[in-house]
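58 is the number of the first residue of the sequence shown in this note's numbering; add one for each residue after it.
Cβ coordinates follow ideal geometry from the N, Cα and C atoms, glycine included.
Scroll down for the structure; my scribbles are underneath it.
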Amino acid sequence: MSGTLPEKLMSRLLARYAGRGVHTWRCDGGGTQAVATFSARHPDVSDLEIHADQGEVTITVGRLTHGHFSPSNDQVPPDARHEEVIGRVLAFLDAVFADQVEFWLSLQIGGWHARGTRPLRLRVVRSIGQAANSCRAPKYWPFARVSNAVVGMIK
Numbered sequence: 058m059s060g061t062l063p064e065k066l067m068s069r070l071l072a073r074y075a076g077r078g079v080h081t082w083r084c085d086g087g088g089t090q091a092v093a094t095f096s097a098r099h100p101d102v103s104d105l106e107i108h109a110d111q112g113e114v115t116i117t118v119g120r121l122t123h124g125h126f127s128p129s130n131d132q133v134p135p136d137a138r139h140e141e142v143i144g145r146v147l148a149f150l151d152a153v154f155a156d157q158v159e160f161w162l163s164l165q166i167g168g169w170h171a172r173g174t175r176p177l178r179l180r181v182v183r184s185i186g187q188a189a190n191s192c193r194a195p196k197y198w199p200f201a202r203v204s205n206a207v208v209g210m211i212k
């Protein structure tokens, strides 16, 4: 299929997720940037937005987090790069809508991980001028998980 990454992605999103209320629009007339939105089920999460440009796709999950989907090899033809990125985006969205992804937010840092796996742990770093005995924070601070009620709100 010929076209730009945003054009291909938006076409596939509309075909695959039409029943999920996906809204799409273009940011320009040349097909080089586009945005798709899935409405949130809860105002604390906000919408899941997909921003596509010529080189990558960025998925933003409301106020929680965002992630970048880029090709693993820039040396392959554009169609192969596009298909790789689109495949990874669709697989991620399928997992989100199947409730297989947990989103989390802690200390203004957010992320996601597969449901049933342990989230990463954030290492607490002391400031240079802080005395060693004045730091009462634990060495590792576990990320707080978003409640199950919030995780399913963008489904």
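Item	Value
Extent of the continuous alpha helix (DSSP H) to which L162 belongs	That residue, L162, is in no alpha helix (DSSP H); its beta strand (DSSP E) goes 158–163.
Alpha helix (DSSP H) segments (min. 4 residues) lying fully within the stretch 59–129	62–73
Range of the contiguous beta strand (DSSP E) that encloses A171	166–171
Own chain, CB closer than 7 Å to R69, minus 5 neighbours either side, in chain order	I143, L147
Cα-Cα separation between V133 and D151, rounded to whole angstroms	26 Å
Simplified DSSP assignment, three categories, for V133	coil
Cβ pair H139, L62 closer than 8 Å	yes
Cutoff 6 Å; reference H108; Cβ partners in own chain excluding five residues on either side	V92, T115
Cβ-based burial, G173 [other Cβ within 10 Å; buried from 16]	exposed
Close Cβ partners of S103 (< 6 Å) along its chain, the five nearest in sequence each way excluded	A97, G119, R120
Residue burial classification, G112 (beta-carbon count within 10 angstroms, cutoff 16)	exposed
Identity of the residue in Q90, R77, A72 nearest G60 by Cα	Q90
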